[in-house]
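Protein chains in written order, with full-length UniProt numbering: chain A, 1 to 388; chain B, 1 to 388; chain C, 1 to 388; chain D, 1 to 388. Glycine included, C-beta positions come from ideal geometry on N, C-alpha and C. Note that the structure is predicted; figures quoted are calculated from it, not measured. So the structure is just underneath, and the comments pick up after that.
Number of protein chains: 4
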Amino acid sequence: MSILSPDTLAELEKQSIELPSWAFGNSGTRFKVFGTPGTPRDPYEKIADAAQVNAYTALAPSVALHIPWDLVDSFDDLRKHAEDHGVTLGTVNSNTFQDDDYKFGALTHEDPAIRRKAIDHHLACIDVMDATGSRDLKIWLAEGSNYPGQADLRGRQDRLQESLEKIYARLGDDQRLVLEYKFFEPAFYHTDVPDWGTSYAQVSALGDKAMVCLDTGHHAPGTNIEFIVMQLLRLGKLGSFDFNSRFYADDDLIVGAADPFQLFRILFEVIRGGGLNNPDVAFMLDQCHNVEDKIPGQIRSVLNVQEMTARALLVDRDALTAAQKSGDVLAANAVFMDAFYTDVRPALAQWRESRGLAADPMAAYAASGYQQRIAEERVGGVQAGWGA
Amino acid sequence: MSILSPDTLAELEKQSIELPSWAFGNSGTRFKVFGTPGTPRDPYEKIADAAQVNAYTALAPSVALHIPWDLVDSFDDLRKHAEDHGVTLGTVNSNTFQDDDYKFGALTHEDPAIRRKAIDHHLACIDVMDATGSRDLKIWLAEGSNYPGQADLRGRQDRLQESLEKIYARLGDDQRLVLEYKFFEPAFYHTDVPDWGTSYAQVSALGDKAMVCLDTGHHAPGTNIEFIVMQLLRLGKLGSFDFNSRFYADDDLIVGAADPFQLFRILFEVIRGGGLNNPDVAFMLDQCHNVEDKIPGQIRSVLNVQEMTARALLVDRDALTAAQKSGDVLAANAVFMDAFYTDVRPALAQWRESRGLAADPMAAYAASGYQQRIAEERVGGVQAGWGA
Amino acid sequence: MSILSPDTLAELEKQSIELPSWAFGNSGTRFKVFGTPGTPRDPYEKIADAAQVNAYTALAPSVALHIPWDLVDSFDDLRKHAEDHGVTLGTVNSNTFQDDDYKFGALTHEDPAIRRKAIDHHLACIDVMDATGSRDLKIWLAEGSNYPGQADLRGRQDRLQESLEKIYARLGDDQRLVLEYKFFEPAFYHTDVPDWGTSYAQVSALGDKAMVCLDTGHHAPGTNIEFIVMQLLRLGKLGSFDFNSRFYADDDLIVGAADPFQLFRILFEVIRGGGLNNPDVAFMLDQCHNVEDKIPGQIRSVLNVQEMTARALLVDRDALTAAQKSGDVLAANAVFMDAFYTDVRPALAQWRESRGLAADPMAAYAASGYQQRIAEERVGGVQAGWGA
Amino acid sequence: MSILSPDTLAELEKQSIELPSWAFGNSGTRFKVFGTPGTPRDPYEKIADAAQVNAYTALAPSVALHIPWDLVDSFDDLRKHAEDHGVTLGTVNSNTFQDDDYKFGALTHEDPAIRRKAIDHHLACIDVMDATGSRDLKIWLAEGSNYPGQADLRGRQDRLQESLEKIYARLGDDQRLVLEYKFFEPAFYHTDVPDWGTSYAQVSALGDKAMVCLDTGHHAPGTNIEFIVMQLLRLGKLGSFDFNSRFYADDDLIVGAADPFQLFRILFEVIRGGGLNNPDVAFMLDQCHNVEDKIPGQIRSVLNVQEMTARALLVDRDALTAAQKSGDVLAANAVFMDAFYTDVRPALAQWRESRGLAADPMAAYAASGYQQRIAEERVGGVQAGWGA
């Protein structure tokens, strides 16, 4: 008999984690971007690659787009392409950080013409959402300043609210805006949405269709992220996750790679707060594969989320509550750790097979020959990266 | 002619910084508390010492109390004692971290009887406020947990809100509650109010008389504190400051000692956001003098705040705005730094003399013989510390 | 058949982790030290408690002493007491941070008389080592400064070297000095031995009998501690470990509690570098039990080290090397993680029973009634803490 | 009379700070590199720009080269070009991070052929040094790994030593190797030379001509950098500085911009330890100008170093020592801060004029029309950046 109960398996059955299209392009650091054979040259190839991840895991049925990197002539056509590959198009991500006009800001810029341009870009993103059927517009602001005095922090915050209001007003009834926060980078002195509090204050001023996006790599060192998860769920404002992991800055490593126990704690609070398989809380990856292979990197990532979700579901909540209520620190911690230390992998492999999937998705993908095929076929053209 | 304009001097004239009574008692680390001759033995002596700081600086006309450390038989009598020394009684600080009952929480405790006890303590603090005429009740929660699983983060947050509501309901029309946040310590895994976002969410749920208290030493490494100052002023929820400085944790060093430029930036945002000499925003010190002398340590501290306020008032706001609007990073930064690098000390000394104060308060205090006198007179009894 | 091979079990059989006598006394933060019934009143009772940990785990056959906290009339008698309880006396820890003379330094003090006093204290510690048969003198320097300018950093470093030379000269042929480093606390601006580089430079200047002590909680946030383990083993200067864990500062939590994966990585480098069961590398705990029970807290701790050692021994080194050599990032990481995620607890429980120990030491201790007995018996007297 | 004594001015007269050629090219973050009109297209234009900085400040008489970015057909010709512009060619910086072969390491790579290639690159750099007359080869290793298990930390460290030995052996009698350390980036899990201890251990094993390079932006948050300066000077191994500043990671901002007080403390320890105007300790900038203008950005930077050096020279060392010896914390700190808060800018402007320089180098450069001229003239070609 599996250590995973029918209820647990039912929850796992429902889990889905969106993949970012850009994870399949080349990425790197300011020092160097290393390319790899087989890297997609266009959104169609990115989606084909993303579909591989879903094929081996049944965990990743949708793909997030990044505009303008993923602009195509016909989103209708792209949507059909996705469906043909068994996936759907998901969150639309805007980009206001790669145009020379945005050197000193976009939605917060001093110049109303540049703000207008940035707002219009977001309206165009909502047009894409209408075409793709996407629900969420995700806004990550790369805006900020590098030097004290460079920018008027307060003026920028007020302008940000005005700009967001104009974007928000354009949302359809079933569409949402999720506002990401980030501690630093690419700006080094201040960022305009540096913390959850700022994102929360901004989206609360907008209305019910605006929510906070929590990227697990966007906090100060030492931040208790699961506390923020708890708080945002409590406040009804946790709209989505960008999963990845970090040792130092926004490293954008494979989720669970740097601190698996932290991922466990985060997922426990998701479950505790009713955020698991809750349509209001979108799960997404946001990672870079600088030195590792991209498709298996994504497979490993969604498996990590699944495995940690399974462990977090194993926590004996009644025993935990009893120990907490009695002030038995060691007993409460033991209940918690027991779930973390339980090896769920064999049970998940078995369950995967029962659903017609390979027990070991990493091995199955490696054996499929897909990687070799794309390396051979995708010759010529320009490999996709963060600029396309 | 002074480099400080009449307008600047008029602002400085109004500045007042509250002193914490506990700064005059002994304090230290978990490893050792070093005592010094002349340390006060009771609240009366603490206030006498605090009055010295005001006598030499005209900057510190009020003294915050800590309950139960500063309990006296008659607060009426203590108030008169303070008035006789030229100061008033200010913010009342509660304490729910030194009773055995509070080992696992107070306002958040699982046990309703202990929560009730902690709430009652706060109601008693408001009684003290009624007696002293104090406006603000400051709540710093030492609550949290040390181990993952030890506590139900969400349950504690909900209970915190309930407890705060009961305390809030008791406030008089002219009284306020300010809720401090702290990144960590004394709890090491989670604290129940770890960041400004949590404090903001909690006090917003309470009402207009509840505000956030920002302690400059209670953030993660690298946090841009002036951004938070800006945001809380913008949201109308910055109730008070606890000034001090830190290199690593909550070091509680003399304000301005660790990073004077950060203090300048904070005070600039206070001014920019209308927080200077605004009755809604209380300025207070919260420091420990572990190895340095206490009274001159407080004199140095209020002078540091005054000097940095003067520098921040010197910023040429028009020139700054012009440079910001034109995207001239180096020019904007230069305007900002020019004010920081201007030596305001001679002008402040001159101004001090014009007001009948000593040009050099540190030297004047040292020459006064007060320190020697209290060292000789305060013999016997138990020196005040964090336990009394 | 166990997942633990005979070779692995043979290594585990040899493992020993020294317990600190002070872990059995009360400890806390600068805000409050909570006491618990049954806390030892003297070194004899501390050793009796430490022996309980060994009785249930067979992992902790020795107890470190702290001088003067553990001073007794006859160390010969104490040694016999320990032996009667099945343990031995281990590392001697000096204390130069709780005497008023040491407010501004001990081995680094400006005043030669105070340096002499601190050196003499260490010579007295070596006398204790002679009496107890201890090999290691561990020096943790609480010295440093709180304010820039307060201290002459260079002069202190030179004086430190001179003082250490005098202590080193007194060591017997089979005795060693291990020098701990610490990022900060109790000093907040600088500490005189803040990093491994400083400890390494100091002990290298002394000679072969001086080594570095690595406390896992004494690093800057984000530090890759296993790298330092690797480097010190490579340089032949890793003398001992102080195990504990931290989220923020020197939290002194149960080892493995905050980041079990980090503990795994550290132990892997210990094994990789030949440090496991190497007499030159002493394993010790250095933790505080502020809110959890002390004896089971120590049992949990040594079990955590054992379990992570078992996992680290499970790493398929050949497969890892092959993946590393071929630049297969995901494969190498997978080999590594596979060992970490393997649940060794059932196999360890089984093995424990085969050695005549309880399968579950935590449960067995709880069932033994020891805790209740000491709570009843140890009435009166003064509970041991960091001051005694 | 100037507040700067003749002795102080004599020290300042001797000060020189090397400029990095790459500071004049475009740089940015992984998200975007913004270009500016007038950016150099080749090493000749970079040197012409660097010479402007020296022309207005008399502080920057040499320019560091980066190989291969600054490869030219004839270094003899480049040297003459530099001399014609009043500057010399300085430190040669190697680059082993932008070739596909180096994806998994260079001097530390598992493959001896790639190590050989990286070693040969450094030998070629020494050939350049022979041609330019440069003394120092600076090695910054971008090597490391992103995932636990990816790399054999110990094997890489041993291979690093072997590789460095081969490079060291090729140095001429008057040439040196300086080894930079860096906490993280571009690698996110481990870097092969992460801290001063590792660099110190490596260069000590090489010999007298190998020294440590301290980049002020390459430390963990909260690190006391002036302590490291003190220690390396004490150990005789501080070879050079890379000046810049940081708020979060390796931000590479203008030196002194983020924490001017830290720069002051660093320069005080340089002076205290005999490192000022000591030929063994090279001063260099290593910054990026992402959003600010490049030439005035460098002018501002060298002025910041000069101004802080002047302040640090103003410290009343006798008064400081007296206060330190007497344990008067506040007095010692006051002596230190008094120098920091003294406004040396008017005296430096006056002195500058006495030497035939403009009082305000920033204004003089802006008024010179140079920036407009290069913006107009440098049309066509490819602007230099981190790839060239």
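Residue i, DSSP secondary structure in three states
i      : result
B:E110 : coil
D:F268 : helix
B:S204 : helix
B:P20  : strand
D:G90  : strand
B:G144 : strand
B:T57  : helix
C:L253 : strand
B:H190 : strand
A:S245 : strand
A:A258 : coil
D:L276 : coil
A:A48  : helix
A:G28  : strand
Straight-line gap, residue i to residue j (C-alpha atoms, nearest Å)
i      : j      : result
A:R79  : A:H66  : 14 angstroms
A:A142 : A:K182 : 8 angstroms
C:L160 : C:K166 : 10 angstroms
C:A60  : C:L123 : 27 angstroms
D:I266 : D:Y341 : 16 angstroms
D:G197 : D:Q372 : 46 angstroms
A:R135 : A:D174 : 6 angstroms
C:R272 : C:A319 : 14 angstroms
C:E180 : C:Q52  : 28 angstroms
C:E110 : B:D127 : 51 angstroms
Buried/exposed call for residue i, threshold 16 Cβ in 10 Å
i      : result
B:P148 : buried
B:I139 : buried
C:P346 : exposed
B:N333 : buried
Counterpart residues of residue i in DSSP-defined beta bridges
i      : result
A:I139 : A:L179
D:C213 : D:E180, D:S240
D:H121 : For D:H121, which the question treats as bridged, DSSP gives no partner whatsoever.
A:H66  : A:N93
D:G149 : Per DSSP, none; premise fails for D:G149.
B:F283 : B:F241
Among the options, the one whose alpha carbon lies nearest that of residue i
i      : options                       : result
D:R170 : D:D158, D:K209, D:R156        : D:K209
C:N224 : D:H190, D:F264, D:V229        : D:H190
C:D100 : B:D100, B:V128, B:R300, B:F34 : B:F34
A:S5   : A:L313, A:P346, A:D338        : A:L313
C:G28  : C:E377, C:F283, C:D251        : C:D251
B:A50  : B:E11, B:A82, B:A187, B:T96   : B:A82
D:V329 : B:D328, B:A257, B:Q383        : B:A257
C:Q324 : D:A358, D:Q262, D:A151        : D:A151
Near the ligand GTP: residue i beta-carbon under 7 angstroms from a heavy atom
i      : result
A:I126 : As presented, the structure is devoid of all ligands, the ligand GTP included, so that no description of it is given.
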